[in-house]
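Visitor:
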Amino acid sequence: MSKHTPPPIHDVAAEFDGLPGVGPRAALRYAYWLVSQPKERIIRFSEAIRKLAEQITRCNVCGLWSSTSPCIICANPKRDQSKVCVVAHPQDVRILEDSGVYNGLYHVLSGTIDPISGRTPESLNFPTLYKRLQPPVSQIKEIVLAFDPDVPGDTTALYLRKQISDQFGEQVRITRLARGLPNGAQLEYADEMTVAEALENRK
Ligand SMILES: [Zn+2]
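Residues in the sequence shown are numbered consecutively from 330, following my numbering.
1. Between C391 and ligand 1, is the CB less than 8 angstroms from at least one heavy atom?
2. Round the Cβ separation of A390 and P399 to the nearest angstrom and send it over; I've been treating them as touching at under 8 angstroms.
3. Quick check on H339: does DSSP put it in helix, strand or coil?
4. Would Q500 pass as a contact of K470 if the rule is Cβ separation under 9 angstroms?
5. Does the Cβ of S395 have 16 or more other Cβ atoms within 10 Å, making it buried, or fewer, making it exposed?
6. Note down the Cα distance separating G429 from S467, rounded to an integer number of angstroms.
7. Locate the beta strand (DSSP E) running through G350, then write down its first and last residues.
8. State the CB to CB distance for the pair Y431 and L425, rounded to an integer number of angstroms; the pair is presumed to be in contact (CB under 8 angstroms).
9. Between R531 and the rest of its own chain, which residues show a CB-CB distance below 8 angstroms, the 5 nearest in sequence each way excluded?
10. Using a 10 Å radius around the Cβ and a threshold of 16 neighbouring Cβ atoms, would you call R502 buried or exposed?
11. Between D495, D421, P335, which has its C-alpha nearest Q463's C-alpha?
12. At a threshold of 8 angstroms, does C414 count as lining ligand 2 (C-beta to nearest heavy atom)?
13. On the DSSP letters alone, give me the boundaries of the alpha helix (DSSP H) that S494 sits inside.
14. Tell me the rounded alpha-carbon separation between K407 and T457.
15. In the DSSP assignment, what are the bridge partners of T504?
16. So, at 7 angstroms on beta carbons, what are the nonlocal neighbours of Y488 in its own chain, with the 5 sequence-adjacent residues on each side left out?
17. Can you tell me which of the three DSSP states Q410 falls into?
18. Of all the options E383, K332, H333, I378, which has the alpha carbon lying nearest to the alpha carbon of F345?
19. If you draw a straight line from the alpha carbon of R490 to that of V351, how long is it in whole angstroms?
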């Protein structure tokens, strides 16, 4: 970065650099845009970020980002305790919730298995899922796998099916969202109708 960039602008740009889809040039553009905003706007922005660190935690049951642990979904007795939908990312939960057809619980793995990108099973949130499935406390009868229909999604589904059947046998049924989602499509960009259909036709 140029020596003409004042250090506070440089520091903000350095924070933006590396955000999803943001490189050094865009980062600098954002920093210059921000500095041109009214002071209150800049402070509000920084406060909002600070609250992420102070007020958001991971639900110790399902792994969702939440202001409480357990989160409001895990703590809601009206949710169907016999179903757990396993997703790769926390934002996938919002999409499934918006579909309006699922009333069970969730489990967030924080990624999918992808050896090429260095994501091994050990780096994902599997142990807490197995803990939730332990008899005799577990009421879980069905695991719904909701991964993107791509290679890492398929790899993770295969891995999890094997692990669960090895550890828990016939105790739980494992289903996966139907291929209503086009191959390679990301759950994140699927519309509500498609997600609802994929949920209803799970196999
Ligand atoms: Zn939770």
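For each residue, glycine too, the CB sits at the ideal point set by N, CA and C.
Guide: A quick look at the data gives this:
1. yes
2. It should be pointed out that residue 390 corresponds to Val in this sequence rather than to Ala. With a Cβ gap of about 5 angstroms, V390 and P399 count as contacting.
3. H339: helix per DSSP, three-state reduction.
4. yes
5. That one is buried.
6. 25 angstroms
7. It is not in any beta strand (DSSP E) - G350 carries neither H nor E in the DSSP assignment.
8. 5 angstroms
9. V473, T504, R505, L506, A507
10. exposed
11. D495
12. No copy of ligand 2 appears in this structure; the ligands present are ligand 1.
13. 480-497
14. 22 angstroms
15. V473
16. I442, P450
17. strand
18. Closest by alpha carbon: I378.
19. 36 angstroms
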